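There are 2 protein chains.
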Amino acid sequence: MNRSDAADRLLAAAEKLYYARGIHAVGMDDVRAEAGVSLKLLYQLFPSKEHLVAAYLDARDEGWRGRLADHVAATGGSARDQLLAVFDWLGLWFAEPGFRGCAFINAFGELGGSAPLVIAVVRRHKGLFREYLLDLARGLDVPDPAGVAEQLLLLAEGAMTAAAVLPELRAARQAHRAAAALLDASLPSGPPADAGARRRATQSSSA
Amino acid sequence: MNRSDAADRLLAAAEKLYYARGIHAVGMDDVRAEAGVSLKLLYQLFPSKEHLVAAYLDARDEGWRGRLADHVAATGGSARDQLLAVFDWLGLWFAEPGFRGCAFINAFGELGGSAPLVIAVVRRHKGLFREYLLDLARGLDVPDPAGVAEQLLLLAEGAMTAAAVLPELRAARQAHRAAAALLDASLPSGPPADAGARRRATQSSSA
DNA sequence: TAGCGTAGAGAACGTTCGTTCTCGGCGGGG
DNA sequence: CCCCGCCGAGAACGAACGTTCTCTACGCTA
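From first to last, the protein sequence lines are chains V and A. Heads up, the numbering used here is the position in the first sequence plus 1130, with the first residue counted as 1. Heads up, the numbering used here is the position in the second sequence plus 1130, with the first residue counted as 1.
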C-alpha cells in the first residue's frame, strides 16, 4: 500500500471514529483497524496521537469550510443572501445523521488544557471561519463589516452548540432569523423598505 | 468528619479540578486528595465517577444560574435592560481568571457519547437557562418572546465558546451589541426613537 | 539462488485509572 | 478493661491505552 493512500485511509478512519465517539474514547488500535493499516506504518506517518488528532482536525477544517463555501457560492445572490445562506447550510449540516456538534469545540473541550497542537488547529479553524464571514460582510454596504461578521460568528457558534445539546430548538432557523434581523439593523440607513414584511413572513413561516 | 461536609468538600474539589483540567484528566484520587477525604468515603457518597461528575455539574448549574440571576436582579430596570444585563454578566464571567468556557459544553464534548447521566444534566442546565431568558423576554412587548429568548440564547452560547477559543474577540461586547439590535428589531412598532443614537454610541465606544 | 531491507501482525511494556480489598488503629458498649 | 465495628490510608487488581519491540515473511537486487 502506498504511504499516501495509507495516510488518507487513516485520516478518514480518524474522522469517522473521533467525531462519533470523542477523542479519548478511541484508541490508536481502533483507528488502525478501521483504516486497515499496520500500527508501525501509523506511527511512521503520525508520530503520536496528538499529531494524528491535529491532522484529523486539519483535514476536517478543509472539508468543512470547502462544503460551506461551495453551498454559499452555488446560492449566489447579494452579500446579504450569501451570509444568510451560511445559516441555511448550517441547518442542512445539523440535520445530517450522526451530527454531534462542532468537532473543534468538542476537541477543545476534551483536550483544552493539554494539547497545544490541537488548540492551535482549533483556533486556526475558528479564525478562518471568521475571516470567511468577514469577506462576505465586506460586500455589504455597512459601516462596520467586522462587527457584523463577528456577531454572525457568535450566532453560528451558538447554533452549533445548541443544535448539539438541544436538537429540538431548531437552532439553525432561529439563527437565520436572528442573522436577518442583525443584517437589517446594521444598515446605516435602516432596514430596507420591505424589512417589516420580510420579518413578519419569516416569523409566521417558523411556527 | 460529617458526611455532608465531606460531600461539600468533594464537590468543591471536583469543580475546581474538573473545570480547570477537564474531566478525563482528573482522577478520582486527585479529587480525593484535594478534598482531604478518604477514597472509601468518596465511593460511599458517589458510587462512580459518572455520579460524581453529574453531581459536580448539578452544583455548578445552581451556582452559575444563581450568580447570573443575582446580577440581573440587582441591575433592575426594564425587561430589555435585564436581558442586556445578562450579556454584561457574561463579560464579567469571561474576564475572570481561570475562565475556560462553559463547563457544560466542555463536559458534553468530552463525554458526549458515553455518559447518559452527564448528558441529562447538561440538557437540563441549558434548558433552564433558556427558560430564564424566556421569563425575562415575556416582560417585553413583542409578539414572539420565545423566539427572542432563543435567539438571545444562541448569542450567549456563541459568546461562551468564542470567548473560550478566541479570547481576543471580546465576544461579550459583540454579543451585547447584537442582543440590543435583536431586541430593537423584534419590537413590532420598530426600534425606539433613539435606537439609532444608541447604536452609534455603542459602536463608537467599542473601538 | 542468497542476502538484505522492510513491512505486517501482534506481543510486550510501562503507565494510568477506576474500583475494591486489606490492614492497622480508634472509639463505644458490656 | 475488652471486644466489636467502623474508618482512614494506601496497596492491590484488572482493564485500557499509547508506544515500542520481536518475529516472520516477502520482495528486490546482484
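Every residue, glycine too, gets a C-beta built ideally from N, C-alpha and C. The structure displayed is predicted, hence computed values, not measured ones.
1) If A/G1288 sits next to V/L1285, beta carbons under 8 Å apart, how far is it from one beta carbon to the other, in whole angstroms?
2) List, in order along the chain, the chain V residues whose C-beta lies closer than 9 Å to that of A/R1151?
3) Kindly indicate which three-state DSSP category A/V1202 falls into: helix, strand or coil?
4) I need the straight-line Cα distance from A/L1264 to A/V1278, nearest angstrom please.
5) Can you find a C-beta in chain V that's less than 8 Å from the C-beta of A/K1179?
6) If I'm right that V/A1250 touches V/Y1186 with Cβ under 8 Å, what's the distance once you round it to whole angstroms?
7) Determine the direct distance from the alpha carbon of A/A1315 to that of A/Y1173, and round the result to whole angstroms.
8) At a cut-off of 7 Å, would you count A/D1271 as near the ligand COA, judging by its Cβ distance to the nearest heavy atom?
9) Identify the continuous alpha helix (DSSP H) that holds V/N1236 and give its terminal residues.
10) Report the rounded CA-to-CA distance for V/A1204 versus V/L1222, giving the unit in angstroms.
11) Residue range of the alpha helix (DSSP H) that A/H1306 falls in?
12) Under DSSP, the alpha helix (DSSP H) around A/S1134 begins and ends at which residues?
13) Listing by chain order, which chain A residues have their CB less than 7 Å from the CB of V/H1154?
14) Within 10 angstroms of its Cβ, does V/E1280 collect 16 or more other Cβ (buried), or is it exposed?
15) In the structure shown, what three-state DSSP assignment does V/E1180 receive?
16) Using only CA atoms, which one of A/R1268, A/A1237, A/A1267 lies nearest to A/H1255?
17) Residues in the same chain with beta-carbon distance under 8 Å from V/L1312, minus the five sequence neighbours each way, listed in chain order, please.
18) Taking C-beta to C-beta, are A/I1153 and A/L1241 nearer than 8 Å?
19) If we ignore side chains and look at the alpha-carbon of each, how far apart do V/S1134 and V/G1207 end up?
20) Let's see if you can read the secondary structure: which residues bound the alpha helix (DSSP H) around V/G1257?
21) Strictly below 7 Å CB to CB, what residues from chain A border V/D1314?
22) So what does DSSP say about V/P1273, is it helix, strand or coil?
23) What are the boundary residues of the alpha helix (DSSP H) that A/F1339 is part of?
24) When we look at the beta-carbon of V/D1191 and count the other beta-carbons within 10 Å, is it buried (16 or more) or exposed?
25) Rounded to the nearest angstrom, how far is the Cβ of A/A1294 from that of A/L1213, given a contact under 8 Å?
26) According to the neighbour-count rule (16 or more other Cβ atoms, all chains shown, within 10 Å of its Cβ), is V/G1196 buried or exposed?
27) Got a sec: is the Cβ-Cβ distance from A/R1253 to anything in chain V below 8 Å?
28) Using 8 Å for Cβ pairs, my map puts A/L1147 next to A/V1161. What's the rounded Cβ distance?
29) For V/F1217, which residues in the same chain have their Cβ closer than 8 Å to its Cβ, ignoring the five residues on either side in sequence?
30) Taking its Cβ as the centre, do 16 or more other Cβ atoms sit within 10 Å of A/R1268, making it buried, or is it exposed?
31) Would you tell me roughly how many angstroms separate the C-alpha atoms of V/R1139 and V/A1165, rounded to the nearest one?
32) How big is the Cα-Cα spacing for V/R1328 and V/K1170?
33) Going by DSSP, what residue range makes up the alpha helix (DSSP H) through A/R1162?
34) Are the beta-carbon atoms belonging to V/R1198 and V/V1272 less than 8 Å from one another?
35) Where A/S1244 and V/E1298 are concerned, what is the direct C-alpha to C-alpha distance, given to the nearest angstrom?
Per the coordinate set shown:
1) Locating residue 1288 of chain A in the second sequence gives position 158, where the first residue counts as 1. Locating residue 1285 of chain V in the first sequence gives position 155, where the first residue counts as 1. With a Cβ gap of about 6 Å, A/G1288 and V/L1285 count as contacting.
2) The residue you call residue 1151 of chain A lines up with position 21 of the second sequence. Within 9 Å Cβ-Cβ: G1242, G1243, S1244.
3) Looking up residue 1202 of chain A in the second sequence gives position 72. Note: A/V1202 maps to helix in three-state DSSP.
4) Indexing the second sequence from 1 puts residue 1264 of chain A at position 134. Indexing the second sequence from 1 puts residue 1278 of chain A at position 148. For A/L1264 and A/V1278, the distance between alpha carbons rounds to 8 Å.
5) Here residue 1179 of chain A refers to the residue found at position 49 of the second sequence. Judged by the 8 Å Cβ criterion, A/K1179 is not in contact with chain V.
6) Start at 1 with the first residue of the first sequence, and residue 1250 of chain V comes out as number 120. Start at 1 with the first residue of the first sequence, and residue 1186 of chain V comes out as number 56. Not really, about 14 Å apart at Cβ, beyond 8 Å.
7) Looking up residue 1173 of chain A in the second sequence gives position 43. Looking up residue 1315 of chain A in the second sequence gives position 185. Whole-angstrom Cα-Cα distance: 53 Å.
8) Summarising the ligand content, the structure contains no ligands, and the ligand COA is consequently not present.
9) As a working note, residue 1236 of chain V is residue 106 in the first sequence. It spans 1233-1241 - the alpha helix (DSSP H) in which V/N1236 sits, taken as one unbroken run.
10) Here the question's residue 1204 of chain V lines up with position 74 in the first sequence. Here the question's residue 1222 of chain V lines up with position 92 in the first sequence. If you take the alpha carbons of V/A1204 and V/L1222, they lie about 15 Å apart.
11) The residue given as residue 1306 of chain A occupies position 176 in the second sequence. From DSSP, the alpha helix (DSSP H) with A/H1306 extends over 1301-1316.
12) Here residue 1134 of chain A is taken as the residue at index 4 of the second sequence, counted from 1. It spans 1133-1151 - the alpha helix (DSSP H) in which A/S1134 sits, taken as one unbroken run.
13) Here residue 1154 of chain V refers to the residue found at position 24 when the first sequence is read from its first residue. Neighbours of V/H1154 on chain A, chain order: H1154.
14) Taking the first sequence and counting its residues from 1, one reaches residue 1280 of chain V at position 150. By the neighbour-count rule (16 or more Cβ atoms within 10 Å), V/E1280 is buried.
15) Within the first sequence, residue 1180 of chain V is the residue found at index 50, counting from 1. Three-state DSSP puts V/E1180 in a helix.
16) Residue 1255 of chain A sits at position 125 when you count from the first residue of the second sequence. Ranking A/R1268, A/A1237, A/A1267 by Cα distance to A/H1255 puts A/A1237 first.
17) Stepping through the first sequence from its first residue, residue 1312 of chain V is reached at position 182. Taken in chain order, the residues that qualify are V1278, Q1281, L1282, L1285.
18) Here residue 1153 of chain A corresponds to residue number 23 of the second sequence, with the count starting at 1. Here residue 1241 of chain A corresponds to residue number 111 of the second sequence, with the count starting at 1. A contact, by the Cβ cut-off of 8 Å.
19) Indexing the first sequence from 1 puts residue 1134 of chain V at position 4. Indexing the first sequence from 1 puts residue 1207 of chain V at position 77. Rounded to whole angstroms, V/S1134 to V/G1207 spans 39 Å at the Cα level.
20) In the first sequence, residue 1257 of chain V corresponds to position 127, counting from 1. Per DSSP, V/G1257 belongs to the alpha helix (DSSP H) from 1246-1267.
21) Numbered from its first residue, the first sequence carries residue 1314 of chain V at position 184. By Cβ distance, chain A contributes A1315.
22) Along the first sequence, read from residue 1 onward, the residue named residue 1273 of chain V stands at position 143. Coil at V/P1273, not helix or strand.
23) A query on residue 1339 of chain A cannot be resolved here, the shown segment of chain A reaching from 1131 to 1337 and no further.
24) Here residue 1191 of chain V refers to the residue found at position 61 of the first sequence. That one is buried.
25) The sequence position of residue 1294 of chain A within the second sequence is 164, counting from 1. The sequence position of residue 1213 of chain A within the second sequence is 83, counting from 1. Not quite, the Cβ-Cβ distance comes to about 23 Å (not below 8 Å), so this is no contact.
26) Here residue 1196 of chain V refers to the residue found at position 66 of the first sequence. Exposed: under 16 other Cβ atoms inside 10 Å.
27) Taking the first residue of the second sequence as position 1, residue 1253 of chain A is located at position 123. Cβ-Cβ to chain V under 8 Å: yes for A/R1253.
28) Residue numbering aside, residue 1147 of chain A sits at position 17 when the second sequence is read from its first letter. Residue numbering aside, residue 1161 of chain A sits at position 31 when the second sequence is read from its first letter. With 8 Å as the limit, A/L1147 and A/V1161 qualify as a contact, their Cβ atoms being about 6 Å apart.
29) Within the first sequence, the letter at position 87 stands for residue 1217 of chain V. Around V/F1217: L1285, A1286, A1289, A1302, A1305, H1306, A1309.
30) Counting from one through the second sequence, the residue named residue 1268 of chain A turns up at place 138. Label assigned to A/R1268: exposed.
31) The sequence position of residue 1139 of chain V within the first sequence is 9, counting from 1. The sequence position of residue 1165 of chain V within the first sequence is 35, counting from 1. Rounded to whole angstroms, V/R1139 to V/A1165 spans 5 Å at the Cα level.
32) By 1-based counting over the first sequence, the position of residue 1328 of chain V is 198. By 1-based counting over the first sequence, the position of residue 1170 of chain V is 40. For V/R1328, the pLDDT reaches just 47, beneath the cut-off of 50, and the residue's location in the model is therefore unreliable, although a value from the coordinates is still provided. The straight-line gap from Cα to Cα measures roughly 60 Å.
33) Along the second sequence, one-based indexing puts residue 1162 of chain A at 32. 1158-1165 is the extent of the alpha helix (DSSP H) around A/R1162.
34) Residue numbering aside, residue 1198 of chain V sits at position 68 when the first sequence is read from its first letter. Residue numbering aside, residue 1272 of chain V sits at position 142 when the first sequence is read from its first letter. According to the sequence displayed, residue 1198 of chain V carries Leu and not Arg. Contact: no.
35) Within the second sequence, residue 1244 of chain A is the residue found at index 114, counting from 1. Within the first sequence, residue 1298 of chain V is the residue found at index 168, counting from 1. Going from the Cα of A/S1244 to the Cα of V/E1298 covers about 21 Å.
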